[in-house]
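Count the sequence shown with our numbering and you get residues 63 to 234, in order. Virtual Cβ for every residue (Gly too), placed ideally from N, Cα, C.
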Amino acid sequence: MLIYRQITLFTPTRTNLMKENFCPFCNPAVLKSTFAESENFRAVYNLAPVLPGHILIVPKKHLSKFLEIDEALIAEMVSFSRKIIKVIAKAFKTDSFDWTIQDGKPAGQTVEHMHMHIIPRHENDLPDPGDWYPMLKKKTEAFIDSTNRNKLSEEEIVNICQNLKKNYRELF
Ligand SMILES: [Zn+2]
63 MLIYRQITLF TPTRTNLMKE NFCPFCNPAV LKSTFAESEN FRAVYNLAPV
113 LPGHILIVPK KHLSKFLEID EALIAEMVSF SRKIIKVIAK AFKTDSFDWT
163 IQDGKPAGQT VEHMHMHIIP RHENDLPDPG DWYPMLKKKT EAFIDSTNRN
213 KLSEEEIVNI CQNLKKNYRE LF
């Protein structure tokens, strides 16, 4: 049933085909790194994580900016994100997270499909706790650069997502 819905979603209309060429979150390949979903959002493992456990909350629909998210969906986004941090907390053994949305180009947004980063943190994981942000900027560039060597392998992504799917099923 779940698979059927996903296939239906990616029926290649002309508009979708155009977006798929440019948007990594509208490309069906995003399903390979998706480990959980609500009705309107996906939890996606970042292909070039800043730190282990770096995930993205992404609306299924191509929306560029935060304000394009229907007000009725905000509650779903927050409640889904809350579930996801419980999964990440369990899998990566922490209760500390950085949350960020780069909303607009001057704010550092490089992929024009709204997404929220959640990065689990541990004591002394970086020389300074704030070092994650410049790393995010570099890694965001890596995410859309398919030849970048910092990306995880497909096998690594599959293994991580299997583990996170298992944790999600156990918790919810
Ligand atoms: Zn998109």
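#1: Identify whether Leu135 lies in helix, strand or coil by the three-state DSSP scheme.
#2: Just mark Arg104 as buried or exposed, buried being the case when its beta carbon has 16 or more other beta carbons within 10 Å.
#3: Just mark Ser158 as buried or exposed, buried being the case when its beta carbon has 16 or more other beta carbons within 10 Å.
#4: Quick one: grab the DSSP three-state call for Lys141.
#5: Have a look at Cys88 and Lys228 and give me their C-alpha separation to the nearest angstrom.
#6: Select from Cys85, Phe84, Lys94, Pro86 the residue whose C-alpha is nearest the C-alpha of Val220.
#7: Cα separation between Val149 and Tyr195?
#8: Under the criterion of a Cβ to heavy atom distance below 7 Å, does Phe87 qualify as lining ligand 1?
#9: Going by other Cβ atoms of all chains shown within 10 Å of its Cβ, with 16 needed for buried, is Phe234 buried or exposed?
#10: So does the segment 121 to 136 actually touch the segment 165 to 174, counting three or more Cβ pairs closer than 8 Å?
#11: Out of Cys223, Asp160, His175, Leu226, point me to the one whose CA is closest to Met197's CA.
#12: In three-state terms, what does DSSP make of Met178?
#13: Alpha carbon to alpha carbon, what distance is there between Gln224 and Ile181?
#14: Secondary structure at Ser95, three-state DSSP: helix, strand or coil?
#15: For Leu125 versus Val106, is the C-beta spacing smaller than 8 Å?
#16: Return the CA-CA distance between Met178 and Pro189, expressed in angstroms with no decimal places.
#17: What does the Cβ neighbour count give for Thr70, buried or exposed, with the cut at 16 atoms within 10 Å?
#18: State buried or exposed for Ser208, treating a residue as buried only when at least 16 other CB atoms are found within 10 Å of its CB.
Considering the structure as presented:
#1: Locating residue 135 in the sequence shown gives position 73, counting from the first residue. Note: Leu135 maps to helix in three-state DSSP.
#2: The residue you call residue 104 lines up with position 42 of the sequence shown. Arg104 should be labelled buried.
#3: For the purposes of this step, residue 158 is taken as residue 96 along the sequence shown, with counting starting at 1. Exposed, because fewer than 16 other Cβ atoms sit within 10 Å of the Cβ of Ser158.
#4: Counting from 1 along the sequence shown, the entry for residue 141 is found at position 79. The question names Lys, but residue 141 in the sequence shown is Ser. Helix at Ser141.
#5: Residue mapping note: residue 88 aligns to position 26 of the sequence shown, counting from 1. Residue mapping note: residue 228 aligns to position 166 of the sequence shown, counting from 1. Approximately 25 Å, taken between the alpha carbons.
#6: As a first step, residue 220 is located in the sequence shown; it is residue number 158 there, counting from the start. Nearest C-alpha to Val220: Lys94.
#7: Looking up residue 149 in the sequence shown gives position 87. Looking up residue 195 in the sequence shown gives position 133. About 23 Å.
#8: As a position in the sequence shown, residue 87 is number 25, starting the count at 1. For ligand 1, at least one heavy atom lies less than 7 Å from the Cβ of Phe87.
#9: For this step, residue 234 is matched to residue 172 along the sequence shown. Exposed.
#10: yes
#11: The sequence position of residue 197 within the sequence shown is 135, counting from 1. Selected option, being the one with the closest Cα: Asp160.
#12: Translated into positions along the sequence shown, residue 178 becomes position 116. Of the three classes helix, strand and coil, the one that applies to Met178 here is strand, per DSSP.
#13: As a position in the sequence shown, residue 181 is number 119, starting the count at 1. As a position in the sequence shown, residue 224 is number 162, starting the count at 1. Whole-angstrom Cα-Cα distance: 19 Å.
#14: Here residue 95 corresponds to residue number 33 of the sequence shown, with the count starting at 1. The answer is helix: DSSP assigns Ser95 an H, G or I state.
#15: For the purposes of this step, residue 125 is identified with residue 63 of the sequence shown, where counting begins at 1. For the purposes of this step, residue 106 is identified with residue 44 of the sequence shown, where counting begins at 1. Going by C-beta atoms, Leu125 is not nearer than 8 Å to Val106.
#16: Walking along the sequence shown from the start, residue 178 turns up at place 116. Walking along the sequence shown from the start, residue 189 turns up at place 127. Using only the alpha carbons, I get a separation of about 24 Å.
#17: Sequence index remark: in the sequence shown, residue 70 carries index 8 (1-based). At Thr70, the pLDDT of 46 sits below 50, so the modelled position is not reliable; the number obtained from the coordinates is stated separately. Exposed, since its Cβ has fewer than 16 Cβ neighbours within 10 Å.
#18: The count along the sequence shown starts at 1 and reaches residue 208 at position 146. With a pLDDT of only 44 at Ser208, under 50, the local geometry of the prediction cannot be trusted, and the value read off the model is given with reservation. Label assigned to Ser208: exposed.
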